[in-house]
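To get our numbering, take the position in the sequence shown, counting from 1, and add 1320.
The C-beta atom is built at its ideal place from N, Cα and C for all residues, glycine as well.
Given the structure is predicted, the values throughout are model-derived calculations rather than measurements.
Down below is the structure, laid out as structure tokens.
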Amino acid sequence: MTTTTFCSSRSVSDSISELPNDIINQILMRLPQKDAVRTCILSTKWRYKWLAVPQLVFDYPSNYKLSPTEKNKLATAIYQALLLHHGHLIKFSFSVTDLDHKNSSDMNHWLHFLSKKGIEDFCLRIWTGEHHKLPYHFYSFQNLRILNLYNCVFKPPNTFRGFDKLVSLELRNVVFAPERFGIFVSNCPFLEKLTLENCPHFFCLRLSSPILKYLSFLVSISLNGMAEIAKYFKDKKTSNLIEMASSIPAIEELAVENYFLKFLAMGGVQNRLTKTLQHLRILHLSGICFEKIEEVSCALCLIRSSPNLEKLTIKALRETNVVMKAVVEHLRVEDFLDCSLDQLRVAKMQLISGVRPELEFMKFLLATSTRLEKFEILPIQGKSFNCGFQRLKELIRFRRASAKAEIIYLDPDDLDK
1321 MTTTTFCSSR
1331 SVSDSISELP
1341 NDIINQILMR
1351 LPQKDAVRTC
1361 ILSTKWRYKW
1371 LAVPQLVFDY
1381 PSNYKLSPTE
1391 KNKLATAIYQ
1401 ALLLHHGHLI
1411 KFSFSVTDLD
1421 HKNSSDMNHW
1431 LHFLSKKGIE
1441 DFCLRIWTGE
1451 HHKLPYHFYS
1461 FQNLRILNLY
1471 NCVFKPPNTF
1481 RGFDKLVSLE
1491 LRNVVFAPER
1501 FGIFVSNCPF
1511 LEKLTLENCP
1521 HFFCLRLSSP
1531 ILKYLSFLVS
1541 ISLNGMAEIA
1551 KYFKDKKTSN
1561 LIEMASSIPA
1571 IEELAVENYF
1581 LKFLAMGGVQ
1591 NRLTKTLQHL
1601 RILHLSGICF
1611 EKIEEVSCAL
1621 CLIRSSPNLE
1631 KLTIKALRET
1641 NVVMKAVVEH
1651 LRVEDFLDCS
1661 LDQLRVAKMQ
1671 LISGVRPELE
1681 FMKFLLATST
1691 RLEKFEILPI
1701 QGKSFNCGFQ
1711 RLKELIRFRR
1721 ASAKAEIIYL
1731 DPDDLDK
């Protein structure tokens, strides 16, 4: 005799409700904030469960502009969530297109409230408009482990020394006093990840972070800005590259983007660093101009000084249509016999136009990478198939230190399909 058991939706709902609170919190944390709040209508047992979730996330994309009415409703919702929330609050995230005067005042009130909650993960992103100056009570977030700021003013009081538990710091379009910021970073003993993107006065910054493992610099500088930087370092004795490398001995991944490579090249570049970057495994160099000998030399110095490098990505930048013969000769006569990239497995060169300095650089990588497995080349958009085919034939003839090295020539037109 077969017995069939039917399970009602009510019993299923009750079984979910009986899950341990930490599992329910994990489920709710994976939902958008609005959906987490909506679970309060499921039953009386669920009415207040969302208020115990250890995170509050109110993020809107940069292309979504809130109306004044929507801003007021959002502010009311955040006030209510903060006042009604019970339990440990670990993360708070707020991202909007812009802030008016009232919204800025609301934000400062929220920060004052959050300063008493032991926040560990804080994110504030204001996509457009004026920079929001962080109030002094923000700097009392002593449990912070992750900090992400966009379009803010970071100027702590003189008594502030740092967040002694901070592990990850991301600043984009953030204004700070370089001297005090360097002291701040030095007083974050557990900082492992630092991202600085389009932050003014970056060139005055002095970092000292002995356990930093990931560093990313991205800057957009006008010609006038570069002239100002060059003037600032006119009488400088030590190269920027040497100073930076000596301050981050434990770095494992380094991303240098846009014009920051120009900044590193100021002050002169040696054949290799006095202290090698023993822990560096991944290196991204974006915006390197192969027509500038100082930038090519800077890239070579970083590569030579990274004996355990495993992955290298280079994005080229064409600034003129004149190929510098000095760069070609420099790469041809350069003594690469003392350079052996024994750990490099993957190399990528992107936005390549096929000029001679680029080809000489590829020849250097192929000749010195004894364990290279994949060399991926992506030409700049608009290069014809015939041109690419000719370059590929030339690359195949280059001497390779690794018999396993596979050269992959990508068609940019195919990637867009």
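First through last residue of the beta strand (DSSP E) which encompasses R1445 = Here residue 1445 corresponds to residue number 125 of the sequence shown, with the count starting at 1. Per DSSP, R1445 belongs to the beta strand (DSSP E) from D1441 to I1446.
request  = Rounded to whole angstroms, what's the CA-CA distance from L1511 to Y1399? Just pull it up for me.
outcome  = The residue you call residue 1511 lines up with position 191 of the sequence shown. The residue you call residue 1399 lines up with position 79 of the sequence shown. Rounded to whole angstroms, L1511 to Y1399 spans 32 Å at the Cα level.
ask   = Between which two residues does the alpha helix (DSSP H) carrying C1519 extend?
value = Along the sequence shown, one-based indexing puts residue 1519 at 199. No alpha helix (DSSP H) contains C1519, which DSSP labels as neither H nor E.
task = For N1468, write down the residues that DSSP places opposite it in a beta bridge.
result = Your numbering for residue 1468 matches position 148 in the sequence shown. DSSP, once it has assigned bridges, lists C1443 and E1490 as partnering N1468.
key: Of the listed residues L1444, S1626, G1482 and K1683, nearest to V1494 (C-alpha basis)   = For the purposes of this step, residue 1494 is identified with residue 174 of the sequence shown, where counting begins at 1. The option with the nearest alpha carbon to V1494 is L1444.
ask   = What's the gap between the Cα of K1422 and the Cα of R1481?
value = Position 102 of the sequence shown, counted from the start, is the residue given in the question as residue 1422. Position 161 of the sequence shown, counted from the start, is the residue given in the question as residue 1481. Cα to Cα, K1422 sits roughly 30 Å from R1481.
query = Just to confirm, are F1461 and F1483 a CB contact at a threshold of 9 Å?
reply = On the sequence shown, residue 1461 is found 141 positions in, with the first residue counted as 1. On the sequence shown, residue 1483 is found 163 positions in, with the first residue counted as 1. Yes, they are a contact pair.
inquiry  = Suppose the cutoff is 7 Å on Cβ atoms and the five residues either side in sequence are ignored; what does the same chain contact list for K1391 look like?
reply    = Counted from its first residue, the sequence shown places residue 1391 at position 71. Correct list, in chain order: N1423.
request  = Please work out which residues of its chain come closer than 7 Å, Cβ to Cβ, to L1464, disregarding the five sequence neighbours upstream and downstream, and give them in chain order.
outcome  = By 1-based counting over the sequence shown, the position of residue 1464 is 144. Here the set comprises I1439, E1440, F1442, F1483, K1485 and L1486.
inquiry  = Between which two residues does the beta strand (DSSP E) holding L1622 run?
reply    = Looking up residue 1622 in the sequence shown gives position 302. No beta strand (DSSP E) holds L1622; the alpha helix (DSSP H) holding it covers I1613 to R1624.
query = Whose CA, out of Q1670, C1659, F1433 and S1722, lies closest to the CA of R1624?
reply = The residue labelled residue 1624 in the question sits at position 304 within the sequence shown. It is C1659.
query = Which class does L1538 belong to by DSSP, given the choice of helix, strand or coil?
reply = By one-based count along the sequence shown, residue 1538 stands at place 218. Strand at L1538.
request  = With DSSP as the reference, please indicate the residues paired to I1602 in a beta bridge.
outcome  = If you number the sequence shown from 1, residue 1602 lands on position 282. Partner(s): E1573 and K1631.
Euclidean distance between Cα positions of P1677 and L1651 = Taking the first residue of the sequence shown as 1, we reach residue 1677 at position 357. Taking the first residue of the sequence shown as 1, we reach residue 1651 at position 331. C-alpha separation (whole angstroms): 7 Å.
ask   = How big is the Cα-Cα spacing for P1388 and P1627?
value = Position 68 of the sequence shown holds residue 1388. Position 307 of the sequence shown holds residue 1627. Distance between the alpha carbons of P1388 and P1627 is about 56 Å.
task = May I have the straight-line CA-CA distance separating Y1583 from E1630, to the nearest angstrom?
result = Working through the sequence shown from its first residue, we reach residue 1583 at position 263. Working through the sequence shown from its first residue, we reach residue 1630 at position 310. Position check: residue 1583 holds Phe in this sequence, whereas Tyr was assumed. Those two C-alpha atoms are separated by around 25 Å.
Exposure of H1406, with buried meaning 16 or more beta-carbon neighbours within 10 Å = For the purposes of this step, residue 1406 is taken as the residue at position 86 of the sequence shown. Flag for H1406 reads exposed.
inquiry  = If you reduce the DSSP assignment to three classes, tell me which class S1529 lands in.
reply    = Position 209 of the sequence shown, counting from 1, holds the residue named residue 1529. Coil at S1529, not helix or strand.
query = So what does DSSP say about F1474, is it helix, strand or coil?
reply = The count along the sequence shown starts at 1 and reaches residue 1474 at position 154. Of the three classes helix, strand and coil, the one that applies to F1474 here is strand, per DSSP.
ask   = Run through DSSP, which three-state label would A1743 get?
value = Lying before the first or after the last residue shown, residue 1743 is absent from the chain, which here runs from 1321 to 1737.
query = Terminal residues of the continuous beta strand (DSSP E) containing S1506?
reply = Within the sequence shown, residue 1506 is the residue found at index 186, counting from 1. Premise fails: S1506 lies in the alpha helix (DSSP H), P1498 to S1506, not in any beta strand (DSSP E).
query = Per DSSP, what kind of secondary structure is H1406 in: helix, strand or coil?
reply = For the purposes of this step, residue 1406 is identified with residue 86 of the sequence shown, where counting begins at 1. Of the three classes helix, strand and coil, the one that applies to H1406 here is coil, per DSSP.
query = In chain order, what residues of the same chain have a beta carbon less than 6 Å from the beta carbon of F1537, not counting five sequence neighbours either side?
reply = As a first step, residue 1537 must be located in the sequence shown, where it is residue number 217. So the list reads L1516, V1576 and F1580, once near-sequence residues are dropped.
query = Alpha carbon to alpha carbon, what distance is there between L1679 and L1532?
reply = On the sequence shown, residue 1532 is found 212 positions in, with the first residue counted as 1. On the sequence shown, residue 1679 is found 359 positions in, with the first residue counted as 1. For L1532 and L1679, the distance between alpha carbons rounds to 34 Å.
Reduced DSSP secondary structure (H/G/I, E/B, other) of M1682 = Residue 1682 sits at position 362 when you count from the first residue of the sequence shown. Here M1682 sits in helix by DSSP.
query = Hey, out of I1410, Y1456 and C1472, whose CA is closest to G1449's CA?
reply = Taking the sequence shown and counting its residues from 1, one reaches residue 1449 at position 129. The candidate whose alpha carbon is nearest that of G1449 is C1472.
key: Y1579 beta carbon near the ligand NAD (any heavy atom closer than 8 Å)   = Looking at this structure, you won't find the ligand NAD or any other ligand, since it has none at all.
key: Beta-carbon proximity of F1681 to A1619, cut-off 9 Å   = Counting from one through the sequence shown, the residue named residue 1681 turns up at place 361. Counting from one through the sequence shown, the residue named residue 1619 turns up at place 299. Taking 9 Å as the Cβ cut-off, F1681 and A1619 qualify as a contacting pair.
Rounded separation between P1352 and R1592 - CA only = As a working note, residue 1352 is residue 32 in the sequence shown. As a working note, residue 1592 is residue 272 in the sequence shown. About 49 Å.
message = Suppose you measure from the CA of L1637 to the CA of K1612; what does that come to, to the nearest Å?
response = Within the sequence shown, the letter at position 317 stands for residue 1637. Within the sequence shown, the letter at position 292 stands for residue 1612. Cα to Cα, the separation comes out at about 10 Å.
inquiry  = Suppose the cutoff is 8 Å on Cβ atoms and the five residues either side in sequence are ignored; what does the same chain contact list for K1436 look like?
reply    = By 1-based counting over the sequence shown, the position of residue 1436 is 116. Excluding sequence neighbours, K1436 sits near nothing in its chain.
task = With a threshold of 16 other CB atoms inside 10 Å of the CB of D1426, please say whether the residue is buried or exposed.
result = By one-based count along the sequence shown, residue 1426 stands at place 106. D1426 is buried by the Cβ-count criterion.
query = Between the C-alpha atoms of L1664 and L1685, what's the straight-line distance to the nearest angstrom?
reply = Position 344 of the sequence shown holds residue 1664. Position 365 of the sequence shown holds residue 1685. Approximately 9 Å between the Cα atoms of the pair.
task = Within 10 angstroms of the Cβ of E1740, are there 16 or more other Cβ atoms? Answer buried if so, exposed if not.
result = Lying before the first or after the last residue shown, residue 1740 is absent from the chain, which here runs from 1321 to 1737.
ask   = Where does H1452 land, buried or exposed, given buried means 16+ other C-beta within 10 angstroms?
value = As a working mapping, residue 1452 is identified with position 132 in the sequence shown. Counting Cβ neighbours within 10 Å, H1452 comes out buried, since at least 16 surround it.
ask   = What number of angstroms, rounded off, separates the C-alpha of P1340 from the C-alpha of L1491?
value = For this step, residue 1340 is matched to residue 20 along the sequence shown. For this step, residue 1491 is matched to residue 171 along the sequence shown. Using only the alpha carbons, I get a separation of about 37 Å.
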